[in-house]
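Counting from 1, position 204 in the sequence shown corresponds to residue 203 in numbering that gives the first Met the number 0; the numbering is continuous, with no gaps. Here's the structure we're looking at; comments come further down.
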Amino acid sequence: MARHYSTFIATVAASLTCVPCTLKATPHQIPTNFFKNQGEYLYYGKTHVHNPAIANNEVSYAQVFHAESSWNHMFNRKAGFKIGVGASGLKLDWQHNPITTRKLFGQAEFSLGLFTLDAKGWTIASEFTMSMDPAEMDFSHYTLYRGIIYTKYNYEDKFNIHAGFIGYYGLRYNRVVPIAGIDFSIGKYVKVNAVFPINVSLEIEPNRFLTLFARARFLQLPRRLQKTDPLPEGVMFYNGSGAEGGVKLHYFEYFNVQGFVGRTLSPHIKAETFDGAETTYYRMRSSTYFGASILFYF
């Protein structure tokens with residue numbers, strides 16, 4: 000059960016880097032302490048920017064990665080907390096990038112969370128994450144703060160109702176995004192997840208070890224630029240949202256590995272000046288991407 004909570008929070012907390020993963024709960028004894036480890040890597044193929052003012056508009060590739068390890072402690076069988084550390088990054092190979100000379104944007108992540116389980120059909124969780132740029136240790140301008148409050152209610156074992164919100168502050172990405180939706184099964188092997196924006200997918204599970212899926216990916220990564228860049232201390236938003244399909248291998252809640260391939264939908268890069276007074280959009284052609292993720296506990 001605790002692992003089932005952590006699996007979902009991994010999905011929610013990874014909304015920026017999109018590590019979608021869902022597993023079915025299986026009753027078992029909850030250990031007092033356990034570790035959760037997850038990681039994902041995505042590779043976006045060559046594309047072009049629709050802007051005739053740029054002499055060479057080819058973007059060779061983009062890479063997105065995310066990794067986190069957390070220690071989870073149970074106060075009792077129904078409540079606990081987590082402490083996590085991780086890293087995420089965006090590498091953009093755009094040789095004639097008009098907004099920055101930096102290719103790799105890395106972030107160090109620190110998170111704290113609280114959760115309750117199975118309170119008469121309810122699951123309630125909250126999490127706070129701070130993502131810092133290790134190249135610029137600046138809490139005001141180079142740090143992104145994210146807070147999550149999430150609830151799930153199981154209605155008579157027929158379907159689950161999800162609600163909550165994700166709030167962001169920093170990097171000119173100040174907003175609150177609602178979590179809302181349901182998931183339900185169709186027959187014995189098919190599951191529909193309609194939970195925006197964290198898990199919009201269709202899953203076919205022919206056995207307890209294998210799942211085939213098709214899903215949507217919502218990905219927008221804000222990154223602060225350097226003082227010496229052509230757009231000094233501005234913000235770049237990379238949008239690589241898309242639709243994908245893949246396969247997932249899993250063993251109850253203990254282990255989950257995925258491979259997938261997809262196509263970006265309306266990809267673009269948005270650039271804002273430091274004060275937000277000027278905004279420029281760089282629209283890109285759709286491109287193919289592929290990736291893999293892993294989630295395991297011990």
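In this text, a Cβ means the ideal position worked out from N, Cα and C, and glycines have one as well.
Buried or exposed by the 16-neighbour rule on C-beta atoms within 10 Å, applied to residue 230: buried
Of the listed residues 240, 45, 236, 142, nearest to residue 281 (C-alpha basis): 236
Backbone CA spacing between residue 242 and residue 89 [nearest angstrom]: 19 Å
Inter-residue Cα distance where the pair is residue 41 and residue 263: 12 Å
Residue 111 vs residue 77 beta-carbon contact at 9 Å: no
Own chain, CB closer than 6 Å to residue 48, minus 5 neighbours either side, in chain order: 56, 281, 283
Buried versus exposed, by CB contacts within 10 Å (16 or more), residue 294: buried
Through-space distance from residue 105 to residue 173, alpha-carbon basis: 20 Å
Residue 224 and residue 101 closer than 9 Å at C-beta: yes
6 Å Cβ shell around residue 150 - same chain, five flanking residues per side excluded: 123, 162, 163
Contact under 9 Å by Cβ, residue 179 with residue 158: no
Run of the beta strand (DSSP E) containing residue 177, from where it starts to where it stops: 174 to 185
Residue 79 and residue 114 closer than 9 Å at C-beta: yes
Cβ shell of residue 275 (< 7 Å), same chain only, five flanking positions each side left out: 171
Residues near residue 121 by beta carbon distance below 6 Å, same chain, minus five either side: 152
CA-to-CA distance, residue 75 to residue 288, given in whole angstroms: 43 Å
For residue 255, the residue or residues it bridges with in DSSP: 249, 294
Proximity winner among 93, 142, 258, relative to residue 234 (alpha-carbon distances): 142
C-alpha distance - residue 126 paired with residue 290, whole-angstrom precision: 26 Å
Distance CB(residue 188)-CB(residue 254) smaller than 9 Å: no
Residue 43, buried or exposed, once every other Cβ within 10 Å from all chains shown has been counted against 16: buried
Unbroken stretches of the beta strand (DSSP E), 3 residues or longer, contained in the stretch 33 to 107: 60 to 73, 78 to 92
Collapsed DSSP secondary structure at residue 221 in the structure displayed: strand
Sub-9 Å separation of residue 87 and residue 130 beta-carbons: yes
CB of residue 212 within 9 Å of CB of residue 260, strictly: no
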